[in-house]
Amino acid sequence: MKNKIKVWVAVIVTVIIAVSGCLTDEKSLQGDNQTKENVVTIRYLSSSAVVEPYEFANELGFFKGININRLGSTTGGPEDIMSVATGSSDVGHSAWVSIINAKVRGAEIKAVAGPMGNSPESWYEGTPYLSKWIVLENSSIRSAKDLKGKKIAVHTLGAHADYVTREYLSRNNMSKDDVQLLVMSRHEEVLRQGLVDVVAPVGAQIDKMEAGGGVRVLFTDYDIIGNQTHCGMFMSEKFIKENPEAVRQFVEASAKAADWAKDHPNEAKDLAAKIMKAKGGNPEIAKYWKGFGVREHALLQDSDVQFWIDELVKDGRMKDGEYKPSDFYTNEFNPYFGK
Numbered sequence: 063m064k065n066k067i068k069v070w071v072a073v074i075v076t077v078i079i080a081v082s083g084c085l086t087d088e089k090s091l092q093g094d095n096q097t098k099e100n101v102v103t104i105r106y107l108s109s110s111a112v113v114e115p116y117e118f119a120n121e122l123g124f125f126k127g128i129n130i131n132r133l134g135s136t137t138g139g140p141e142d143i144m145s146v147a148t149g150s151s152d153v154g155h156s157a158w159v160s161i162i163n164a165k166v167r168g169a170e171i172k173a174v175a176g177p178m179g180n181s182p183e184s185w186y187e188g189t190p191y192l193s194k195w196i197v198l199e200n201s202s203i204r205s206a207k208d209l210k211g212k213k214i215a216v217h218t219l220g221a222h223a224d225y226v227t228r229e230y231l232s233r234n235n236m237s238k239d240d241v242q243l244l245v246m247s248r249h250e251e252v253l254r255q256g257l258v259d260v261v262a263p264v265g266a267q268i269d270k271m272e273a274g275g276g277v278r279v280l281f282t283d284y285d286i287i288g289n290q291t292h293c294g295m296f297m298s299e300k301f302i303k304e305n306p307e308a309v310r311q312f313v314e315a316s317a318k319a320a321d322w323a324k325d326h327p328n329e330a331k332d333l334a335a336k337i338m339k340a341k342g343g344n345p346e347i348a349k350y351w352k353g354f355g356v357r358e359h360a361l362l363q364d365s366d367v368q369f370w371i372d373e374l375v376k377d378g379r380m381k382d383g384e385y386k387p388s389d390f391y392t393n394e395f396n397p398y399f400g401k
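Numbered according to our numbering, the sequence shown spans residues 63 to 401.
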């Protein structure tokens, strides 16, 4: 019993320091089959500022035989992981570094599809990204060497932006010790007030900052990780084992919805606004939404995960060869896999 408690304390501590950014209303979004018998209800948490492929699937009527039920909002990947791992909810969404860290510490979870990524094939305009490293227009920072001693604001240490920053520095013959990584929210505010030198905001926050002018981009995560599904849509291994057909239907519908969004950008933005509003969020944010950025059919591949394994090995959190990408994800329930 004591060992189990120690494992879960380790999981919770790791998850709290790990991220993903990758975003409290108690309103539920439920499918049309709610009153039918023998229907599996898949529970989830989701920020009002984020839209998920399965929320699109629900609105598009793609679910047959399952329901989804939004339990409320989430502060991000760490909370999702704790909720799913303890059985409080059934599906979550987090950056790979958080998923890997949690699973290594004992959380029995596995990713089954991609919820968002940096794939140009399903991005509506420009180069895809989750995060951009932004400075003021008049900043003296023009390259990596100018970052020495500078303050960089990120949402969470040990997460997506943290490790992408480390890799950017490493490729420019610098280390994490050359900068100060600070956990801060309200990135636009702290940058414009001069409290930090660089910020690494996520998603629509970036477009809002750029639209306001007076800032410029130093680099993006796409420059570092390239075409990668940088988050995983995960479930507990217990739920997967007990509900394989429901998981299969859920993944298929989510994949179809992601494909639909890629092919219908204008309608997808309208649907994103509708979903955000239903969750108590600001539908105006949807105008900045540029798609899910996942590969066709929301399929995952080893390269999505290997980068993060390598980073954690370099950081001393894992041993080289101890884990492989397939330990953290599966395409088994995606009917498009192998076709």
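We treat Cβ as the ideally placed atom computed from N, Cα and C, and that holds for glycine. Note that the structure is predicted; figures quoted are calculated from it, not measured.
- Runs of the alpha helix (DSSP H) lying entirely within the stretch 357-387, each at least 4 residues long, are 364-376 in chain order.
- Remark: C-beta atoms of residue 216 and residue 157 do not approach each other more closely than 7 Å.
- Per DSSP, the unbroken beta strand (DSSP E) holding residue 106 starts and ends at 102-107.
- Of the candidates 101, 161, 135, the residue whose Cα lies closest to the Cα of residue 297 is 161.
- Straight-line measurement puts the Cα of residue 127 at about 43 Å from the Cα of residue 272.
- In this structure the stretch 308-327 touches the stretch 351-366; the number of beta carbon pairs closer than 8 Å is three or more.
- When beta bridges are read from the DSSP output, residue 255 appears opposite no residue.
- Residue range 306-325 is occupied by the alpha helix (DSSP H) that includes residue 312.
- Around residue 310, the same chain offers 395 as residues with beta carbons nearer than 6 Å, after the five sequence neighbours per side are excluded.
- By the neighbour-count criterion, in which a residue is buried when 16 or more other Cβ atoms sit within 10 angstroms of its Cβ, residue 341 is buried.
- By the neighbour-count criterion, in which 16 or more other beta carbons inside 10 Å mark a residue as buried, residue 343 falls on the buried side.
- Take the alpha-carbon of residue 292 and the one of residue 185: they are about 14 Å apart.
- By the Cβ-count criterion, residue 364 is exposed, with fewer than 16 other Cβ atoms from all chains shown falling within 10 Å of its own Cβ.
- Cβ neighbours of residue 151 within its own chain (closer than 8 Å, five residues either side excluded): 105, 106, 107, 133, 142, 145.
- Closest in C-alpha terms to residue 264, from the list 211, 302, 347, 238, comes 347.
- Here DSSP, grouped into helix, strand and coil, assigns residue 215 to strand.
- Partner residues in the beta bridge of residue 172, as assigned by DSSP, are 297.
- In the three-state DSSP reduction, residue 196 falls in the strand class (E or B).
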